[in-house]
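Asker: Numbering (the UniProt record's numbering), first residue to last: 1 to 260. Yeah, the Cβ is synthetic: ideal placement off N, Cα and C, and Gly gets one too. Sharing a structure, written as structure tokens. Questions coming.
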DNA sequence: AATTAATCCAACCGCAATACG
DNA sequence: ACGTATTGCGGTTGGATTAAT
């Protein structure tokens with residue numbers, strides 16, 4: 001038995017939002033809030049949209065403090081760092097970037113950042129075993145950012161892990177060469193909590209569990225056979241994560257991801 | 001100037017998790 | 001405890017725009 005659809009698709013408007021629809025939705029939510037129910041919201045607002053569509057429009061475009069436009073070098077670094085450690089959890093990654101939405105981050109990664117990293121890495125002409133995110137980032141800047149992990153450990157059974165890492169850089173940058181300073185300290189604590197403090201902002205969040213893909217991340221010390229295909233941009237998510245994390249220590253799970 | 005290819009990004013879709021009766 | 005409704009998320013699609021030929 002399948003699920004009942006969230007709305008009557010035949011009578012629901014689809015496609016791009018008009019300025020009038022935007023204004024209606026924005027005005028209503030600012031006045032009354034969502035009422036805790038997106039499904040019934042369109043009717044109240046007077047829109048023929050699906051509730052999910054309204055929610056997405058609000059979250060990705062209409063809500064206050066949404067930031068559009070170019071990503072900064074600091075944001076690039078945070079995305080790379082988090083992608084390497086938690087994979088494509090765009091909502092978590094976006095939560096670390098003020099004003100960015102998961103959709104934004106996802107699009108940016110898929111269309112630009114991934115390619116930049118891969119092409120950067122390709123131009124480095126290093127042996128696969130020598131490639132780390134650190135080296136990629138270092139290669140992109142004159143004054144190298146430094147990354148380090150300390151006291152990391154990982155426990156399989158209950159999904160918890162502990163550890164911390166810090167990074168800092170002066171000048172920068174991953175892509176543009178614009179000057180900036182960034183520093184951050186992050187720590188993994190107790191029951192898979194991940195707390196960050198940095199000079200961009202402070203965000204706390206909790207991982208509920210760690211999945212298999214991340215287990216590979218923490219323990220990966222395996223072969224990189226097949227990683228370097230004919231097309232430098234033709235990688236899957238796993239390959240990219242592996243690429244970023246390649247050179248993980250083979251002796252223990254400490255110091256994973258970043259070299260000293 | 002016209003056509004084609006590549007890129008970007010808003011929006012949709014379906015699934016899993018969560019809330020609720 | 002169970003079934004249904006709703007929410008949140010990540011993957012994918014498709015139209016608009018830009019670049020190349």
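1) For residue 35, which residues in the same chain have their Cβ closer than 6 Å to its Cβ, ignoring the five residues on either side in sequence?
2) By Cβ distance, which residues of its chain are closer than 6 Å to residue 81, with the 5 residues on each side in sequence left out?
3) Just to confirm my understanding: we take residue 78, look at its own chain, exclude 5 residues before and 5 after, and list those with CB closer than 7 Å. What are they?
4) Identify the continuous alpha helix (DSSP H) that holds residue 70 and give its terminal residues.
5) Contact between the region 81-93 and the region 58-67: three or more CB pairs below 8 Å?
6) Assign residue 72 to one of two classes, buried (16 or more other C-beta atoms within 10 Å of its C-beta) or exposed (fewer than that).
7) Quick check on this structure: which residue in 24, 39, 103 has the alpha carbon closest to the alpha carbon of residue 12?
8) Tell whether a beta-carbon distance below 7 Å holds between residue 57 and residue 17.
9) Between residue 222 and the rest of its own chain, which residues show a CB-CB distance below 7 Å, the 5 nearest in sequence each way excluded?
10) I believe residue 67 touches residue 99 by the beta-carbon criterion, under 8 Å. Please report the beta-carbon distance rounded to the nearest angstrom.
11) Would you list the one or two residues that DSSP bridges to residue 49?
12) Drop a sphere of 10 angstroms on the beta-carbon of residue 14, count the other beta-carbons inside from all chains shown, and report buried for 16 or more, exposed for fewer.
13) Grouping DSSP H, G and I as helix and E and B as strand, with all else coil, what is residue 95?
14) Please report the distance separating the alpha-carbon of residue 92 from that of residue 109.
15) Can you list, in chain order, the residues of its chain whose CB lies under 6 Å from that of residue 26, leaving out five sequence neighbours each side?
16) Can you tell me whether residue 19 is buried or exposed, with buried defined as 16 or more other CB within 10 angstroms of its CB?
Answerer: Here's the rundown:
1) Taking the first residue of the first chain as position 1, residue 35 is located at position 35. Nothing listed; no residue qualifies.
2) Residue 81 sits at position 81 when you count from the first residue of the first chain. None.
3) By 1-based counting over the first chain, the position of residue 78 is 78. The residues are 96, 97.
4) In the first chain, residue 70 corresponds to position 70, counting from 1. It is not in any alpha helix (DSSP H) - residue 70 carries neither H nor E in the DSSP assignment.
5) Pairwise C-beta distances place the region 81-93 out of contact with the region 58-67, as fewer than three of them are shorter than 8 Å.
6) Against the first chain, residue 72 aligns to sequence position 72. Looking at its Cβ environment, which holds 16 or more other Cβ atoms inside 10 Å, residue 72 is buried.
7) If you number the first chain from 1, residue 12 lands on position 12. Residue 39 is the option with its Cα nearest to residue 12.
8) Sequence index remark: in the first chain, residue 57 carries index 57 (1-based). Sequence index remark: in the first chain, residue 17 carries index 17 (1-based). Between residue 57 and residue 17, the CB-CB gap stays under 7 Å.
9) Within the first chain, numbered from 1, the residue matching residue 222 stands at position 222. Only weak support is given to the placement of residue 222: the predicted model assigns it a pLDDT of 31, under 50, and the question is left unresolved by the model.
10) For the purposes of this step, residue 67 is taken as residue 67 along the first chain, with counting starting at 1. For the purposes of this step, residue 99 is taken as residue 99 along the first chain, with counting starting at 1. So it is a contact: roughly 3 Å between Cβ atoms.
11) The residue you call residue 49 lines up with position 49 of the first chain. DSSP lists 13 as partners of residue 49.
12) As a first step, residue 14 is located in the first chain; it is residue number 14 there, counting from the start. By the neighbour-count criterion, in which 16 or more other beta carbons inside 10 Å mark a residue as buried, residue 14 falls on the exposed side.
13) Mapped onto the first chain, residue 95 falls at position 95. The answer is helix: DSSP assigns residue 95 an H, G or I state.
14) Locating residue 92 in the first chain gives position 92, where the first residue counts as 1. Locating residue 109 in the first chain gives position 109, where the first residue counts as 1. Taking the CA atoms as reference points, residue 92 sits about 14 Å from residue 109.
15) Position 26 of the first chain, counted from the first residue, corresponds to residue 26. Non-local C-beta neighbours of residue 26 in its own chain, meaning closer than 6 Å and more than five positions away in sequence, comprise 62, ordered along the chain.
16) If you number the first chain from 1, residue 19 lands on position 19. Label assigned to residue 19: exposed.
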